[in-house]
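Below is one structure, written out as structure tokens; the observations come after it.
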Amino acid sequence: MSNMAAKFPVMYGSTNVDRFIIQKPNEQLIFNRSQSGLHFHDIGDQDISMVTTVAGNRKGYTDREYAAAQESKSGLALVGNTSPRDYMSMVREGLIRNCPVTPDAVTAANNSLGPDVAYLKGKLQGNCRNP
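Residue 16 is where the sequence shown starts when you use our numbering, and the numbers rise one by one after that.
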């Protein structure tokens, strides 16, 4: 709410209905109080997606950088799906012979393609105990 108050006028009305009203240049955003005490904004029938997608993450990279990120993910599988920190160290220190992957490509892969699923699965399986 403080971020919105820094940009737009915010009014609070508690006489009849407990709500915040944010006055934007072209519209009013009304945040009503729920029964649990939290304020919410009813978006009606608007289409909103709150899911992070690979396509959305890719927007900050050029085609060449994205191709290098994909190559970085392939290289990660070849070295046994190590942790992202270990893989970055291996690439940075040149421990993988004839490796075309750069540290920037590893960072781009983590940011645009997300964490390595095989590494996460192996990490979870290692912590599970059978009764």
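We put the CB at the ideal spot given by N, CA and C, even for glycine.
Would you mind giving the Cβ-Cβ distance between residue i and residue j, rounded to the nearest angstrom? I have them listed as a contact below 8 Å.
i, j, result
"Arg73", "Ser127", "5 Å"
"Val32", "Asn47", "7 Å"
"Pro118", "Met103", "6 Å"
Tell me the DSSP secondary structure of residue i in three-state form.
i, result
"Leu44", "strand"
"Val25", "strand"
"Gln50", "coil"
"Arg112", "coil"
"Asn18", "helix"
Only counting the same chain, and skipping five residues up and downstream in sequence, which positions put a Cβ closer than 8 Å to that of residue i?
i, result
"Lys39", "Phe23"
"Arg123", "Per the sequence presented here, residue 123 reads as Ala, with Arg not at that position. Taken in chain order, the residues that qualify are Tyr76, Glu80, Tyr81, Ala83, Ala84, Ser87."
"Gly95", "none"
Give me the Cα-Cα distance between residue i and residue j, rounded to the nearest whole angstrom.
i, j, result
"Ser49", "Asn41", "26 Å"
"Gly59", "Ala133", "39 Å"
"Lys136", "Arg34", "44 Å"
"Thr68", "Ala120", "19 Å"
"Arg112", "Asp57", "56 Å"
Excluding the 5 residues flanking residue i on each side, which residues of the same chain have their C-beta closer than 6 Å to its C-beta?
i, result
"Ile37", "Met19, Phe23, Val25, Leu44"
"Pro99", "Asn125"
"Leu93", "none"
"Gly90", "Val116"
Please list, in chain order, all residues of the same chain as residue i whose beta carbon is under 7 Å from its beta carbon, the five residues on each side excluded.
i, result
"Phe182", "Residue 182 is absent from the model: the chain starts at 16 and stops at 146."
Should residue i go down as buried or exposed, given a rule of 16 or more other Cβ atoms within 10 Å for buried?
i, result
"Asp131", "buried"
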